[in-house]
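Written below as structure tokens is the structure these notes are about.
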Amino acid sequence: MPRPQGRIMVAQNRKAHHDYHLHEKFEAGMVLTGTEVKSLRAGRASLADAFATVDDGEVWLRNMHIPEYAFGTWKNHATRRNRKLLLHRKEIAKLERETTASGKTIVPLAIYFSDGYAKVELAIATGKRDWDKRQTIAARDADREARRELAARNRGER
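If you number the sequence shown the way our numbering does, the last residue is 158 and the count never jumps.
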């Protein structure tokens with residue numbers, strides 16, 4: 001059976017856009033076991049508490065939850081194990097430089113299959129304060145209201 005082409009989304013971290021200012025994005029491969037890949041192909045994963053770290057020149061994805069494969073045997077995987085990420089050496093060096101700066105972290109945004117290979121999208125992020133979050137919500141509401149008024153005007157209601 002040929003590999004599926006294109007990008008097939010498995011899981012997204014929607015809260016990351018709300019909780020962080022996202023800066024630069026990276027795409028990384030993941031080192032997975034067979035049952036982890038089968039669980040991901042079934043669309044089961046959670047990035048809710050996940051984060052990435054750079055340790056000794058390697059990038060690790062921590063606290064990501066991939067549930068056990070339903071038809072797995074006693075060789076099933078641990079659900080929240082640390083998973084190694086595959087990046088180029090220059091990308092790893094850049095991630096390490098950025099995260100040693102104060103207040104920056106590496107946040108996973110999405111897990112997907114790209115041409116049959118499991119990938120994770122990472123972003124360098126800075127945490128938002130409460131007033132930043134309120135400001136973002138106010139700007140989004142104002143934009144929504146402006147679009148609503150423009151649509152009503154174009155329909156001839158106002």
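Even glycine gets a Cβ: it sits at the ideal position worked out from N, Cα and C.
What's the C-alpha gap between residue i and residue j?
i, j, result
"P4", "G156", "47 Å"
"K15", "R153", "34 Å"
"A138", "A151", "20 Å"
"E24", "Y117", "22 Å"
"E27", "N76", "27 Å"
"L87", "F71", "31 Å"
"G127", "H17", "10 Å"
"V59", "A146", "43 Å"
"I8", "D56", "32 Å"
"G6", "Y112", "10 Å"
"N82", "K90", "22 Å"
"R144", "G103", "31 Å"
"R140", "R129", "17 Å"
"V31", "A11", "17 Å"
Please work out which residues of its chain come closer than 8 Å, Cβ to Cβ, to residue i, disregarding the five sequence neighbours upstream and downstream, and give them in chain order.
i, result
"N13", "L47, A48, A50, V107, P108, L109 and A110"
"D132", "H21"
DSSP on residue i, reduced to helix/strand/coil?
i, result
"G127", "strand"
"L32", "coil"
"T53", "strand"
"K75", "coil"
"A110", "strand"
"E91", "helix"
"R62", "strand"
"V42", "Residue identity check: residue 42 is Ala in the sequence provided, not Val. In the structure shown, A42 sits in coil (DSSP, three-state: anything other than H, G, I, E or B)."
"E121", "strand"
"L85", "strand"
"E24", "strand"
Short of 6 Å in beta carbon distance, which residues of its chain neighbour residue i, apart from the five on each side in sequence? Order them along the chain.
i, result
"A125", "Y20, L22, T105 and V107"
"E36", "I66 and H77"
Short of 7 Å in beta carbon distance, which residues of its chain neighbour residue i, apart from the five on each side in sequence? Order them along the chain.
i, result
"V54", "I92, L95, E96 and T99"
Quick one: using the 10 Å Cβ neighbour count with 16 as the cut-off for buried, is residue i buried or exposed?
i, result
"A123", "buried"
"A101", "exposed"
"V120", "buried"
"A45", "buried"
Specify whether the segment 56–68 and the segment 33–40 touch according to this definition: at least 3 beta carbon pairs, one from each stretch, less than 8 Å apart.
Output reads yes: the segment 33–40 touches the segment 56–68.
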